[in-house]
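Once you know that position 428 of the sequence shown is 428 in UniProt numbering, the rest is easy, because the numbers rise by one and skip nothing. We put the CB at the ideal spot given by N, CA and C, even for glycine. Just so you know, these numbers come straight off a predicted model, no measurement behind them. Everything below concerns the one structure shown next.
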Amino acid sequence: MACLNIMRSSPAVGAAGSVPAAPGAGGTEGSGAAGGSARIAVKKAQLRSSPRPKKLEKLGVYSSCKAEGACKCNGWKSQNPPPTPPRTDQQSHTVNLQEPCRSCSHTLGDHVTHLENVSEEEMNRLLGIVLDVEYLYTCVHKEEDADTKQVYFSLFKLLRKSILQMGKPMLEAQENPPFEKPSIEQGVNNFVQYKFSHLPSKERQTIMELAKMFLNQINYWQLETPSQRRQRVPNDDAAGYKANYTRWLCYCNVPQFCDSLPRYETTQIFGRTLLRSVFTVMRKQLLEQARQEKDKLPPEKRTLILTHFPKFLSMLEEEVYSHSSPIWSQDFLAGASGGQIPIHTVGEKRKPSEPLPHEENKRPRVVGDIPMDLINEVMATITDPAAIPETSLLSAHSARDEAARLEERRGVIEFHVIGNSLNQKPNKRILMWLVGLQNVFSHQLPRMPKEYITRLVFDPKHKTLSLIKDGRVIGGICFRMFPSQGFTEIVFCAVTSNEQVKGYGTHLMNHLKEYHIKHEILNFLTYADEYAIGYFKKQGFSKDIKVPKAKYVGYIKDYEGATLMGCELNPSIPYTEFSVIIKKQKEIIKKLIERKQAQIRKVYPGLSCFKEGVRQIPIESIPGIRETGWKPVGKGKELKDPDQLYSTLKTILQHVKSHQNAWPFMEPVKKTEAPGYYQVIRFPMDLKTMSERLKSRYYTTRKLFMADMQRIFTNCREYNPPESEYYKCANLLEKFFYTKIKEAGLIEK
Numbered sequence: 001m002a003c004l005n006i007m008r009s010s011p012a013v014g015a016a017g018s019v020p021a022a023p024g025a026g027g028t029e030g031s032g033a034a035g036g037s038a039r040i041a042v043k044k045a046q047l048r049s050s051p052r053p054k055k056l057e058k059l060g061v062y063s064s065c066k067a068e069g070a071c072k073c074n075g076w077k078s079q080n081p082p083p084t085p086p087r088t089d090q091q092s093h094t095v096n097l098q099e100p101c102r103s104c105s106h107t108l109g110d111h112v113t114h115l116e117n118v119s120e121e122e123m124n125r126l127l128g129i130v131l132d133v134e135y136l137y138t139c140v141h142k143e144e145d146a147d148t149k150q151v152y153f154s155l156f157k158l159l160r161k162s163i164l165q166m167g168k169p170m171l172e173a174q175e176n177p178p179f180e181k182p183s184i185e186q187g188v189n190n191f192v193q194y195k196f197s198h199l200p201s202k203e204r205q206t207i208m209e210l211a212k213m214f215l216n217q218i219n220y221w222q223l224e225t226p227s228q229r230r231q232r233v234p235n236d237d238a239a240g241y242k243a244n245y246t247r248w249l250c251y252c253n254v255p256q257f258c259d260s261l262p263r264y265e266t267t268q269i270f271g272r273t274l275l276r277s278v279f280t281v282m283r284k285q286l287l288e289q290a291r292q293e294k295d296k297l298p299p300e301k302r303t304l305i306l307t308h309f310p311k312f313l314s315m316l317e318e319e320v321y322s323h324s325s326p327i328w329s330q331d332f333l334a335g336a337s338g339g340q341i342p343i344h345t346v347g348e349k350r351k352p353s354e355p356l357p358h359e360e361n362k363r364p365r366v367v368g369d370i371p372m373d374l375i376n377e378v379m380a381t382i383t384d385p386a387a388i389p390e391t392s393l394l395s396a397h398s399a400r401d402e403a404a405r406l407e408e409r410r411g412v413i414e415f416h417v418i419g420n421s422l423n424q425k426p427n428k429r430i431l432m433w434l435v436g437l438q439n440v441f442s443h444q445l446p447r448m449p450k451e452y453i454t455r456l457v458f459d460p461k462h463k464t465l466s467l468i469k470d471g472r473v474i475g476g477i478c479f480r481m482f483p484s485q486g487f488t489e490i491v492f493c494a495v496t497s498n499e500q501v502k503g504y505g506t507h508l509m510n511h512l513k514e515y516h517i518k519h520e521i522l523n524f525l526t527y528a529d530e531y532a533i534g535y536f537k538k539q540g541f542s543k544d545i546k547v548p549k550a551k552y553v554g555y556i557k558d559y560e561g562a563t564l565m566g567c568e569l570n571p572s573i574p575y576t577e578f579s580v581i582i583k584k585q586k587e588i589i590k591k592l593i594e595r596k597q598a599q600i601r602k603v604y605p606g607l608s609c610f611k612e613g614v615r616q617i618p619i620e621s622i623p624g625i626r627e628t629g630w631k632p633v634g635k636g637k638e639l640k641d642p643d644q645l646y647s648t649l650k651t652i653l654q655h656v657k658s659h660q661n662a663w664p665f666m667e668p669v670k671k672t673e674a675p676g677y678y679q680v681i682r683f684p685m686d687l688k689t690m691s692e693r694l695k696s697r698y699y700t701t702r703k704l705f706m707a708d709m710q711r712i713f714t715n716c717r718e719y720n721p722p723e724s725e726y727y728k729c730a731n732l733l734e735k736f737f738y739t740k741i742k743e744a745g746l747i748e749k
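This is the structure:
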C-alpha cells in the first residue's frame, strides 16, 4: 500500500494552479476543468477496452523488471524513443513484449511477468493509476506556483509507487478527514434551522435551495494559492491556511480528475476555519458574477439569485465571523429530522428558551385548543401567495418595519455590529463606518457634545449596530453591554433625517434585540429625552424598570432632564420577523372566523320572552349561542350564607378602596370636573356607591357585586383615552380586583 505524508511533502498547494485551472485568485471551476476530467475518463475507458497485450505494454513502462539476477530497473524504457515526448492525448508509438529495455536490456515481457495472472479488474485499476500519473506529470511541468508544483510531484510519486507495489494509493497525514467539526455543511444546516425554522414550508424551501446552491459552489471553488493569499492578506494565519490548502488539494481537488485517489467533498471535511478564509472573496465574486450574467438566467432563477441570495449571504456572513454564533457548536440541536439539507447534488441551535419541535408535539393539549389539522389546513391557504392579497407598504395595516425588512431582503440595506479595538489591526472599512456613525449621531443629536459622542463611539467597550445603505452609514444604535449585571445600556440611537419614516428605526431595534438574545442579555436600559420617549415606547420600552436598581446604579451614565426607560426581551420571539408572525396570526384568526360563519348559516328569530315580562334568562338558553363556540364561564363558589357573603364582599371592597390606583373611582364623577360625562356614560358607578349598596345588603349574589365593579372599569375606559392616567388606573385596579376575587374563591383560578 503506497502512502504519502502530505504534511511533509509540501507546505501547501494553490488552487489557482490546481489540476483543472490556470493560476488565479480563486473562483469556480470552468468548462475547461469539466472538459479535462471528461477527457481523462474517455482515455481510461478506451485503454480499459484494449486487448490484454496492449494493457501489459502500457503497464510495463511503469513496472519494475522481474528478470533473474535482481535487476534494479524500475520501469521499461524504449530503445528508440521519439524525438519529442508524445502528447498525453495521443497514442504512444507501438511496442511489443519482446522489445528490450534501454536501461536494463531485458525485454518488456520481463517487466510484466507479475501481471500474467492478474484479473482484468485489477489490471484496469492499475491502468487508471497509470493515466493519472501521466496527467499529473503534465501538470507538474505546466505548473508555475512552486508550492503547487511540489504537491503535484509528491502525488505523482505516490501513484508511481502504487503501480510498482500494486497497492492502493493512501494519503498519510497527522490528521485524517474530517479536519474540523462541525463541518461547513453541518454549519450551514444549523444556520438554516437557527434563522429560518419559523418560516412556512414554501419560504423555507427557498432558503434550502439557496443553502444547497452555496454549498455546491464551495465544493467546486478554486482556492487561491498561499503565496497569493499572503499578498492579499499579509497578517493572516499563513501556516494554518497552507495546511488547509494542502489538504484541500490532496483530498478534494486533485481526486476530481485523478479518481484513483480517495475524494471528499470540501463542505464535509472542512469547517469554519477554511470557510472564513474564503467567504469574503467568494461572496463578492458570486454576486458580481450573478449581476454580469443576470440576463442569461431563467426567470425563476433570477429572483432567487439576484434578490434572495445576497440577503442569505449577508446573514450567513454574520454567523461565520461571529465569535459566539451557536451554529458552530457541536452541541447545536438540529431540531426536526426534516431540517437537514441534502447537499450531495452533482455537479437557531435553537435558542435555549425555544421548545424543540419534538418537545412541542409532547405538550399536553389545552382544552379549547384549535385542532392542528385545522391549523395546517388554514396555513396552507395563508402561505399560498394567490390566496392572500398583497399588502401595500402604504396600507394602514402594514407593519412599521415592513419596508425596511423588504429592503434588507433585497440587499439594499445591511446591519453590522462593529466597534473599535485596541488588540487588532484597524480595519479600514470599520473605521470609515465608525466615522460615519459619529457624524450621524452628531448631526441628529445636537444637544450632545461632539467630543462626547466621538469618545463613546470609538471606545472599545462600546459597540454600535450600524445600518448600511449603498456602502455608507445612515443610522445606528450605540450600546454598552454589562453581561455580569444582566443588562445593556443604549447610549445613542439615530437615523439620518433624509432616511427617516421608512421603518429603519424599528428594524434597527429588532436586530439589536435578536443580537442580545443570542448573547443571553435580556434587558435594555436607556435615558430618553423628551423627543425620544415616543420612539422607545413603540419599541416596547416603559418607565417600569425590571432590572433591580442595585444592578445598574453606578454602571450607566445619568443624563439630566432625561427619563430612564427599560425593555425586557422575550427570548422566544424572533423580533425581526415578529410583525410577519402577528400578521399571519391575524390572517389565521380571520380565516377561522370565516369558516365558522360559513358553518352557522341558520338565522334565529329574536328573543320575545322579555316582552312577556321575563326579567332575565340564562345565556346558554339563547338559540344558536353554543353553535358560535361560546362556552359558559367556569363557575365559582356561590356563598349561600348572607352574612358570609357580606363579610367576604366587604373585605374585597376594602382592599380595592385602599389600592394605590383606586383614587379616581372613590366617589361619583362631578359634572364640573368632567363636562358631558353623563351624556356619554348612562350607568355610572363608583366605590362610594358600592359601599352604600353593600351596607344596605343590596348584593345578594356575587354576580351583582362583580357586575357593579366591572361597570366602574368599563365606564372609565369608554370615557377616557388609552394614554390617560385614569385609563391605566382602571386596568391596574381591575387586575387587582380579580386577583382578590379568585383568592376568595368566588371564581375559579
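- Task: Assign Ala532 to buried or exposed, taking buried as 16 or more other Cβ atoms, counted over all protein chains shown, within 10 Å of its Cβ.
- Result: Position 532 of the sequence shown holds residue 532. When all chains shown are included, Ala532 counts as buried.
- Proximity below 9 Å, CB of Asp470 to CB of Val412: Counted from its first residue, the sequence shown places residue 470 at position 470. Counted from its first residue, the sequence shown places residue 412 at position 412. Yes. Within cutoff.
- Task: Could you round the C-beta distance between Leu467 and Tyr504 to whole angstroms and report it? I think they count as a contact, below 8 Å.
- Result: On the sequence shown, residue 467 is found 467 positions in, with the first residue counted as 1. On the sequence shown, residue 504 is found 504 positions in, with the first residue counted as 1. Rounded, the Cβ-Cβ distance is 6 Å, consistent with contact.
- Test item: CB-CB of Gly60 and Leu97 under 9 Å: For the purposes of this step, residue 60 is taken as residue 60 along the sequence shown, with counting starting at 1. For the purposes of this step, residue 97 is taken as residue 97 along the sequence shown, with counting starting at 1. Yes, Cβ-Cβ distance for Gly60 and Leu97 is below 9 Å.
- Item | Residue span of the beta strand (DSSP E) that contains Leu215, given as start and end | Start at 1 with the first residue of the sequence shown, and residue 215 comes out as number 215. Unbroken run through Leu215 is the alpha helix (DSSP H), Ser201 to Asn219; no beta strand (DSSP E).
- Message: Comparing C-alpha positions only, which one of Tyr555, Leu512 and Val680 sits nearest to Ile521?
- Response: To locate residue 521, count along the sequence shown from 1; it is residue 521. Cα-wise, what sits closest to Ile521 is Leu512.
- Message: Measuring alpha carbon to alpha carbon, tell me which residue in Pro371, Val473 and Pro326 is nearest Gly187.
- Response: Within the sequence shown, residue 187 is the residue found at index 187, counting from 1. Of Pro371, Val473 and Pro326, the residue nearest in Cα terms is Pro326.
- Use the C-beta contact count for Ala243: other C-beta atoms within 10 angstroms, 16 or more gives buried, fewer gives exposed. For the purposes of this step, residue 243 is taken as the residue at position 243 of the sequence shown. When all chains shown are included, Ala243 counts as buried.
- Could you give the DSSP three-state label for Tyr527: helix, strand or coil? Position 527 of the sequence shown, counted from the start, is the residue given in the question as residue 527. Looking at Tyr527 - three-state DSSP - the assignment turns out to be strand.
- Roughly how many whole angstroms lie between the Cα atoms of His443 and Asp558? The residue you call residue 443 lines up with position 443 of the sequence shown. The residue you call residue 558 lines up with position 558 of the sequence shown. About 22 Å.
- Task: Measure from the alpha carbon of Tyr727 to the alpha carbon of each residue in Ala707, Glu318, Leu456 and Asn661, then state which is nearest.
- Result: Mapped onto the sequence shown, residue 727 falls at position 727. Here the closest residue by C-alpha is Asn661.
- Going by C-alpha distance, which of Ile617, Gln616, Leu431 and Glu209 is nearest Lys301? Looking up residue 301 in the sequence shown gives position 301. Closest option to Lys301, Cα to Cα, is Glu209.
- Taking 9 Å as the cut-off, decide whether the C-beta atoms of Lys463 and Ile517 are in contact. Your numbering for residue 463 matches position 463 in the sequence shown. Your numbering for residue 517 matches position 517 in the sequence shown. It is not a contact, given that the beta carbons lie outside the stated cut-off.
- Message: If contacts are defined as beta-carbon pairs under 8 Å, then Val491 and Cys478 qualify, I think. What distance do you get, rounded to the angstrom?
- Response: As a first step, residue 491 must be located in the sequence shown, where it is residue number 491. As a first step, residue 478 must be located in the sequence shown, where it is residue number 478. Yes, Val491 and Cys478 are in contact; Cβ-Cβ is about 5 Å, under 8 Å.
- Message: One question on the structure: do Thr689 and Asp708 come within less than 9 Å of each other, judged by their Cβ atoms?
- Response: Position 689 of the sequence shown, counted from the start, is the residue given in the question as residue 689. Position 708 of the sequence shown, counted from the start, is the residue given in the question as residue 708. Yes, these two residues count as a Cβ contact at 9 Å.
- Is the distance from the Cβ of Gln289 to the Cβ of Pro182 below 9 Å? One-based indexing of the sequence shown puts residue 289 at position 289. One-based indexing of the sequence shown puts residue 182 at position 182. Against a cut-off of 9 Å, the Cβ pair of Pro182 and Gln289 comes out as no contact.
- Task: May I have the straight-line CA-CA distance separating Met213 from Leu126, to the nearest angstrom?
- Result: Translated into positions along the sequence shown, residue 213 becomes position 213. Translated into positions along the sequence shown, residue 126 becomes position 126. Cα to Cα, the separation comes out at about 36 Å.
- Query: What beta strand (DSSP E) runs, 3 residues minimum, are completely inside the UniProt domain "N-acetyltransferase" (422-570)?
  - Reply: 463-469, 472-482, 487-495, 523-528 and 563-568
- Task: Report the residue from Glu408, Glu407, Gly476 and Arg447 whose alpha carbon sits nearest the alpha carbon of Val440.
- Result: Walking along the sequence shown from the start, residue 440 turns up at place 440. With distances taken between Cα atoms, Val440 lies closest to Gly476.
- Simplified DSSP assignment, three categories, for Val192: The count along the sequence shown starts at 1 and reaches residue 192 at position 192. DSSP places Val192 in helix when its eight states are reduced to three.
- Task: For the beta strand (DSSP E) containing Met170, list its first residue and its last residue.
- Result: Position 170 of the sequence shown, counted from the start, is the residue given in the question as residue 170. Start and end: Met170 to Glu172.
- Based on Cα-Cα distance, which residue from Glu224, Leu316, Gln599 and Thr206 lies nearest to Arg283? Here residue 283 is taken as the residue at index 283 of the sequence shown, counted from 1. The residue with the shortest Cα to Cα distance from Arg283 is Leu316.
- Cβ neighbour criterion (16 or more within 10 Å) applied to Leu215: Within the sequence shown, residue 215 is the residue found at index 215, counting from 1. With 16 or more other Cβ atoms within 10 Å, it is buried.
- Taking only the alpha-carbon atoms, compute the straight-line gap between Leu286 and Trp248 and give it to the nearest angstrom. Reading the sequence shown from its first residue, position 286 is the one you call residue 286. Reading the sequence shown from its first residue, position 248 is the one you call residue 248. Roughly 20 Å between the two C-alpha positions.
- Task: Indicate the three-state DSSP secondary structure (helix, strand or coil) for Ile617 in the structure shown.
- Result: For this step, residue 617 is matched to residue 617 along the sequence shown. DSSP places Ile617 in coil when its eight states are reduced to three.
- Query: Which value, in whole angstroms, describes the spacing of the CA atoms of Arg455 and Ile430?
  - Reply: Numbered from 1 along the sequence shown, position 455 holds the residue referred to as residue 455. Numbered from 1 along the sequence shown, position 430 holds the residue referred to as residue 430. Answer to the nearest angstrom: the Cα atoms are 16 Å apart.
- At least three beta-carbon pairs within less than 8 Å, the stretch 660-675 to the stretch 693-708: no
- From the DSSP output, read off the bridge partner residues of Ile413. Walking along the sequence shown from the start, residue 413 turns up at place 413. Answer by DSSP bridge pairing, in chain order: Lys469.
- Roughly how many whole angstroms lie between the Cα atoms of Lys551 and Ser484? To locate residue 551, count along the sequence shown from 1; it is residue 551. To locate residue 484, count along the sequence shown from 1; it is residue 484. Whole-angstrom Cα-Cα distance: 9 Å.
- Message: Assuming contact is defined by CB atoms lying nearer than 9 Å, are Ile207 and Ile184 in contact in what I supplied?
- Response: In the sequence shown, the residue the question calls residue 207 occupies position 207. In the sequence shown, the residue the question calls residue 184 occupies position 184. Taking 9 Å as the Cβ cut-off, Ile207 and Ile184 do not qualify as a contacting pair.
- Query: On the three-state DSSP scale, how would you describe Gln330?
  - Reply: Within the sequence shown, residue 330 is the residue found at index 330, counting from 1. Gln330: coil per DSSP, three-state reduction.
- When the Cβ atoms of the stretch 103-122 are set against those of the stretch 58-72, are three or more pairs found closer than 8 Å? yes
- Task: Please look up how many angstroms separate the CB atoms of Phe524 and Phe487, rounded, as I've assumed it's under 8 Å.
- Result: Sequence index remark: in the sequence shown, residue 524 carries index 524 (1-based). Sequence index remark: in the sequence shown, residue 487 carries index 487 (1-based). With 8 Å as the limit, Phe524 and Phe487 qualify as a contact, their Cβ atoms being about 7 Å apart.
- To the nearest angstrom, report how far apart Leu136 and Gly271 are at their CA atoms. In the sequence shown, the residue the question calls residue 136 occupies position 136. In the sequence shown, the residue the question calls residue 271 occupies position 271. Between Leu136 and Gly271, the C-alpha separation is close to 28 Å.
- Query: Shortest alpha-carbon distance to Pro605 belongs to which of Ser322, Ile622, Arg595 and Gly613?
  - Reply: As a position in the sequence shown, residue 605 is number 605, starting the count at 1. Cα-wise, what sits closest to Pro605 is Ile622.
- Query: What residue range is occupied by the uninterrupted alpha helix (DSSP H) comprising Asn661?
  - Reply: On the sequence shown, residue 661 is found 661 positions in, with the first residue counted as 1. Segment: none, Asn661 is in no alpha helix (DSSP H) and carries neither H nor E.
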